[in-house]
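Report on the structure given below.
Residue numbers (the working numbering): 944 to 1204.
Pasting the structure below:
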């Protein structure tokens, strides 16, 4: 099986070496993984450096190899409404196999932390996050797959820890999915929400809708930042995608590879 969302110590919030994570993937029964370290930018500058040095990335991965495991190299780029030029500049650093696009900041605030949530209902927070996601996917072209569409269900400050409801935000979610389909982009089933909010990010019903609207590219990622999270719930995610799509995708040289399940 596959895990196409893993962070090593190259990411500002990672902990383990690429080799240790790769060994954890083998131990978990995976056959192909992709490292997707953060290229993210705090609009306020208050959180410091959220990206990585290319030298560190190259040193961590260029000679990394384990028999029985295919290792791909990618990035997770933090999309904002106005960082397209920075995105293109970062992608020119080196060749990548895979580029995830994600949204972590809204109105200059990191949605993972309490200040973004203050004075708002859960519905308002979710809707604002989704509207920001829509704005970002409309203006960006250079990512392959949208990561954790319902990431807003994951922050520890969430007052109910309930997964975002597709039915409550149908209109904006459908519009996001239509943009992805029109641009030939994929959707990630991120497994990190299972322990946080009891569901995948996003949930299976959103993948069914993505399929109905013509979506074709789907990937699975654990969003692991430590060895013990590598591959977590990815087999269960693939079972869900098997029922909806019949396959799951990996990437090589920015091109999707379809694996029948």
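We put the CB at the ideal spot given by N, CA and C, even for glycine. Note that the structure is a prediction, hence the values are computed from the model and not measured.
Sequence-distant residues of its chain with Cβ nearer than 8 Å to residue 1196 (five each side left out)
1038, 1040
On the three-state DSSP scale, how would you describe residue 1058?
helix
Any contact of the region 1077-1089 with the region 1104-1112, i.e. 3+ C-beta pairs under 8 Å?
no
If you draw a straight line from the alpha carbon of residue 1128 to that of residue 1083, how long is it in whole angstroms?
Taking C-alpha positions only, residue 1128 is separated from residue 1083 by approximately 11 Å.
With C-beta atoms as the reference, is residue 1206 less than 8 Å away from residue 1049?
Limits of the chain in this structure are 944 at one end and 1204 at the other, which puts residue 1206 out of reach.
Do residue 1058 and residue 1221 come within 8 Å of each other at the CB atom, strictly closer than that value?
For the chain, the structure presents residues 944 to 1204; residue 1221 sits outside this window and is missing.
Cα-Cα separation between residue 1134 and residue 1194, rounded to whole angstroms
18 Å
Compute the distance between the beta-carbons of residue 980 and residue 951, then report whether it is under 8 Å.
yes
Distance, Cα to Cα, residue 1146 vs residue 1132?
Looking at the two C-alpha atoms, the distance is approximately 8 Å.
Could you check where the alpha helix (DSSP H) with residue 1113 kicks off and where it finishes?
Per DSSP, residue 1113 belongs to the alpha helix (DSSP H) from 1113-1126.
For residue 1139, which residues in the same chain have their Cβ closer than 6 Å to its Cβ, ignoring the five residues on either side in sequence?
Result list for residue 1139: 1097, in chain order.
Under a Cβ-count criterion, where at least 16 other Cβ atoms within 10 Å of its own Cβ denotes burial, should residue 1092 be classed as buried or exposed?
buried
N- and C-terminal bounds of the beta strand (DSSP E) containing residue 911
This structure cannot settle anything about residue 911, because the visible part of the chain is limited to 944 through 1204.
At the level of alpha carbons, what is the spacing between residue 1019 and residue 1114?
26 Å
Which residues DSSP lists as bridging residue 1088, in chain order:
1043, 1129
Taking residue 1094 as the reference, which of 1119, 1046, 1121 has the closest Cα?
1046
When we look at the beta-carbon of residue 1066 and count the other beta-carbons within 10 Å, is it buried (16 or more) or exposed?
exposed
For residue 1021, which of 997, 973, 1075 has the nearest alpha-carbon?
1075
Could you round the C-beta distance between residue 984 and residue 993 to whole angstroms and report it? I think they count as a contact, below 8 Å.
6 Å
I need the DSSP call for residue 1030, collapsed to helix, strand or coil.
helix
Can you say whether residue 946 is buried or exposed, counting buried as having 16 or more other CB atoms within 10 angstroms of its CB?
Burial call: buried.
Using DSSP's beta-bridge definition, name the partner residues of residue 981.
Beta-bridge partners assigned by DSSP to residue 981: 1019.
Looking at the secondary structure, which residues open and close the beta strand (DSSP E) in which residue 1143 lies?
Segment: none, residue 1143 is in no beta strand (DSSP E) and carries neither H nor E.
Going by the beta-carbon positions, is the gap between residue 964 and residue 1191 smaller than 8 Å?
no
Same chain, Cβ closer than 7 Å to residue 1121, neighbours up to 5 away in sequence not counted
1156
State buried or exposed for residue 1053, treating a residue as buried only when at least 16 other CB atoms are found within 10 Å of its CB.
buried
Residue 1218 in three-state terms, based on DSSP:
Look at the range of the chain in this structure, 944 to 1204, and you will see that residue 1218 is not part of it.
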